[in-house]
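Asker: Under my numbering, the first residue of the sequence shown carries the number 1, and numbering increases by one thereafter.
By construction, the Cβ of each residue, glycine as well, lies at the ideal position given by its N, Cα and C atoms.
For clarity, every value in this text was computed on a predicted model and none was experimentally measured.
Sharing a structure here in C-alpha cells format.
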Amino acid sequence: MEKYEYNDLESRLSTVKGFSDLTPQEELDALVTRMRPHLRNVIGVTIGKGGVGKTTLAANLAYTLAEEQDRRSSAGKSPRPILYIELDSNGNSRNDFGIRGGEFDDNGISFYDAVTDDRPLSIVKNVRPFLDVVPSGASNADISGRVDKVSAEHGPAAFLLLALLLVQISHLYQWIIIDFSPSDKNNQRLGLAASTHLVAPVKGSDDGVLEGLGSLARLVRGVRVINPEVSIAAIGFLGFKKVKGEPTSELVNLREKIELLVANARLDPEVVISAYVREAPVLAALCRNTGMPAKELALAASGKLADPNTGVLVPRPRDENDRLVEPQRATDLADDYTHFAAAVLHQIRRRNKQLRGEA
Ligand SMILES: Nc1ncnc2c1ncn2[C@@H]1O[C@H](COP(=O)(O)OP(=O)(O)OP(=O)(O)O)[C@@H](O)[C@H]1O
Ligand SMILES: [Mg+2]
C-alpha cells in the first residue's frame, strides 16, 4: 500500500470556466460527446436513499473486480487495477478497506482539492492487489458548496469537474467504482455526470425503496444535458433471507413491484438482476469492523488468510459474543458477492456494446 499522486493533470476548472449562460448549447454538447467514450468504465453505486448497503456493495464489487485482475495477472494476461472513490463524507469505505485513521487517511481533503481546485489527485495504491482507493471523509461534504459557486457562474458544466478529472486517468483502470452520497445533491450530480452505469442496491422492502429509485430516476433525468449516457445498469437486492438457496416471499413480492416500476420507466427488464446478497447483519458488521471485504472474512474464518506484510495467518475472526465465525456462512456471503458482481458486469458489458453501436 502506498500513496500516489496524479499530478500532471490538465486543468478542469479552466474548461468549466469557458462556459457561461451565453455559451451555445452545442459547445457543451461537443465537450460531453468527446468525454463520454472515456468514461464507459465508470460505475456509480447509488440509490436516492441512505443506509441501504451502497458502500458495502461498492467495496465488495471493487474487491471482486480487483481479484479478477489478480487472476488475469497470474495467468500472464495484462491486468488493469480498479479505482474506488467514495463521495459520501461519512467515509465508511475507509473502514471497509481497513484504512480509517491510518497514515493514508486524509479525511478526503486531497479529493476535495482535486475536484474543486485543480490540485493533484491523491490515491492509495494497492490497498489490495489491483485495487486503488481515493480516501474519503469529512472534506467531501465541502465539495458541494464550492461546486454551487462554480455552477452559479458557469452553469451545468460545473458538474463535470469530477468527470473531467476521471477522463484523464480512466484508461489506467479496468473499472472505476463511485460510491455515492445519498443526501448531497451536488455530489450526486458530480457522480452522475462521471458515471456511465449505475448499480442500485435495494435493502429493505418499505416504500422508501421505491421512493429512492424514483428520486434516482429524477436525478438521472436532471443530468441528461451533461451526461446523456448514464442509466441504471443493474438493480440488485441486499440483505434478504435465503432459505435453502431460495428467496422468501418478501423478496419475491418486492422484486415484482420493482419490475413493474422498471417496465413503466421503459428500462430493460434485465436490469433487475436475480443474484442477491443474503441477510447477514453480524457478518456485515464484522467485515466493516475488521476492515475485511466478505471474501477476506471467509478466508480468515477458514484459517486461510495471510497478512500481506508478514505472511503470517490472520487469527480466525470471532463475533461480538466471542464465537468463531462459521466458515461456511462467511463463504456463502462471499459467494453471493461474487455472483452479484458477475451479474452486474454482464449487464454493463451488454450496455457498453450498445453504446459502442455493436449490439
Ligand atoms: N448482507 C447484509 N445483511 C444485513 N445487513 C447488511 C448486509 N450488508 C450490509 N449490511 C448493513 O447495512 C448497513 C448499511 O450499509 P452501508 O453503510 O454499506 O450502506 P450505505 O448505503 O453506504 O449507507 P450510507 O448512506 O450511510 O453511506 C450497515 O450497517 C451494514 O452492516
Ligand atoms: Mg455509504
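Who are the Cβ neighbours of Y63 in its own chain at under 7 Å, not counting the five residues just before and after it?
Answerer: Counting only Cβ-Cβ distances below 7 Å, and skipping sequence neighbours, we find R128, L131, P293, K295.
Asker: DSSP three-state label for P247, please.
Answerer: Three-state DSSP puts P247 in a strand.
Asker: If you count every other CB in all the chains shown that lies within 10 Å of the CB of L160, and 16 or more means buried, which is it?
Answerer: With 16 or more Cβ atoms within 10 Å of its Cβ, L160 is classed as buried.
Asker: According to DSSP, is G239 helix, strand or coil?
Answerer: In the structure shown, G239 sits in a strand (DSSP, three-state: E or B).
Asker: For the alpha helix (DSSP H) containing A359, name the first residue and the last one.
Answerer: Per DSSP, A359 belongs to no alpha helix (DSSP H) and is neither H nor E.
Asker: For V16, tell me which candidate among T46, L165, L57, S78 has the shortest Cα-Cα distance.
Answerer: Selected option, being the one with the closest Cα: L165.
Asker: Indicate whether the contact test is met: 3 or more Cβ pairs, each with one atom in the region 41-54 and one in the region 178-197, closer than 8 Å.
Answerer: The region 41-54, when compared against the region 178-197, does touch it at the 8 Å Cβ threshold.
Asker: Tell me whether R278, by its Cβ, gets closer than 7 Å to a heavy atom of ligand 1.
Answerer: Yes, Cβ of R278 sits closer than 7 Å to a heavy atom of ligand 1.
Asker: Where do the ends of the alpha helix (DSSP H) carrying E86 lie?
Answerer: Taken as a continuous stretch (DSSP letters only), E86 belongs to no alpha helix (DSSP H), being part of the beta strand (DSSP E) at 82-86.
Asker: Please classify E67 as buried or exposed, where buried requires at least 16 other C-beta atoms within 10 Å of its C-beta.
Answerer: E67 should be labelled buried.
Asker: Would you mind stating whether E86 and S122 have Cβ atoms separated by less than 8 Å?
Answerer: For E86 and S122, no; Cβs fall outside 8 Å.
Asker: CB D21 to CB G222, shorter than 8 Å?
Answerer: No, the Cβ-Cβ distance between D21 and G222 is not below 8 Å.
Asker: What runs of the alpha helix (DSSP H), each 4 residues or longer, lie entirely inside the region 24-100?
Answerer: 25-35, 54-74, 93-96, all fully within the region 24-100.
Asker: By alpha-carbon positions, which one of P81, A58, V150, L61 ends up nearest to Q69?
Answerer: Comparing Cα positions, the closest option is P81.
Asker: Ignoring anything shorter than 3 residues, give me the beta strand (DSSP E) runs that lie fully in the region 182-213, in order along the chain.
Answerer: You should have 197-202.
Asker: Determine the DSSP secondary structure at K125, reduced to helix, strand or coil.
Answerer: Note: K125 maps to strand in three-state DSSP.
Asker: When you measure from the CB of N90 to every non-hydrogen atom of ligand 2, does any distance come out below 7 Å?
Answerer: N90 Cβ: within cutoff of ligand 2.
Asker: Relative to the C-alpha of T196, which candidate in V220, L213, V147, N187 has its C-alpha closest?
Answerer: Taking only the C-alpha atoms, the option nearest T196 is V220.
Asker: Rounded to the nearest angstrom, what separates S170 and P37 at their Cα positions?
Answerer: Going by the C-alpha atoms only, they are around 10 Å apart.
Asker: Go to S274, then tell me how far its beta strand (DSSP E) extends in each direction, as first and last residue.
Answerer: Note, S274: beta strand (DSSP E), 272-278.
Asker: Measure the alpha-carbon distance for D96 versus C287 and round it to whole angstroms.
Answerer: Spanning the two alpha carbons is a distance of roughly 7 Å.
Asker: Do the region 24-36 and the region 245-263 make contact, defined as three or more Cβ pairs closer than 8 Å?
Answerer: No contact exists between the region 24-36 and the region 245-263.
Asker: If you drop the 5 nearest sequence neighbours on each side, which residues of the same chain put their C-beta closer than 6 Å to that of V225?
Answerer: So the qualifying residues of the chain are P156.
Asker: Comparing the CB of K203 with every heavy atom of ligand 2, is any distance shorter than 7 Å?
Answerer: Checking the Cβ of K203 against ligand 2 gives no.
Asker: Based on the DSSP secondary-structure assignment, which residues constitute the bridge partners of S231?
Answerer: Its beta-bridge partners are H197.
Asker: Hey, would you say the C-beta of D179 is under 7 Å away from at least one heavy atom of ligand 2?
Answerer: Indeed, a heavy atom of ligand 2 lies less than 7 Å from the Cβ.
Asker: Classify L324 as helix, strand or coil using the three-state DSSP reduction.
Answerer: Reduced to three states, the DSSP call for L324 is strand.
Asker: Any contact of the region 294-312 with the region 250-258, i.e. 3+ C-beta pairs under 8 Å?
Answerer: Counting Cβ pairs under 8 Å, fewer than three are found: no touch.
Asker: Taking contact to mean at least 3 C-beta pairs separated by less than 8 Å, is the region 266-277 in contact with the region 300-309?
Answerer: Touching, no.
Asker: Going by C-alpha to C-alpha distance, which of V282, D336, L299 sits closest to E320?
Answerer: Closest by alpha carbon: V282.
Asker: Rounded to whole angstroms, what's the CA-CA distance from T116 to L83? Just pull it up for me.
Answerer: Answer to the nearest angstrom: the Cα atoms are 19 Å apart.
Asker: Looking at the unbroken beta strand (DSSP E) that takes in E391, where does it start and where does it end?
Answerer: Outside the displayed range of the chain (1 to 359) lies residue 391, so it cannot be described from this structure.
Asker: Spatial neighbours of A217 within its chain, please: CB distance less than 7 Å, with the 5 preceding and 5 following residues excluded, ordered by chain position.
Answerer: Closer than 7 Å at the Cβ level, and outside the excluded window around A217, lie A265.
Asker: For G208, collect the residues of the same chain with a Cβ closer than 8 Å to its Cβ; drop the 5 residues on either side in sequence, then sort them by chain order.
Answerer: Closer than 8 Å at the Cβ level, and outside the excluded window around G208, lie K49.
Asker: Output yes or no for whether 8 Å exceeds the beta carbon distance between L57 and L324.
Answerer: Their beta carbons are not under 8 Å apart, which means L57 does not touch L324 by this criterion.
Asker: K278 and D336: beta carbons closer than 8 Å?
Answerer: Residue identity check: residue 278 is Arg in the sequence provided, not Lys. It is a contact, given that the beta carbons lie within the stated cut-off.
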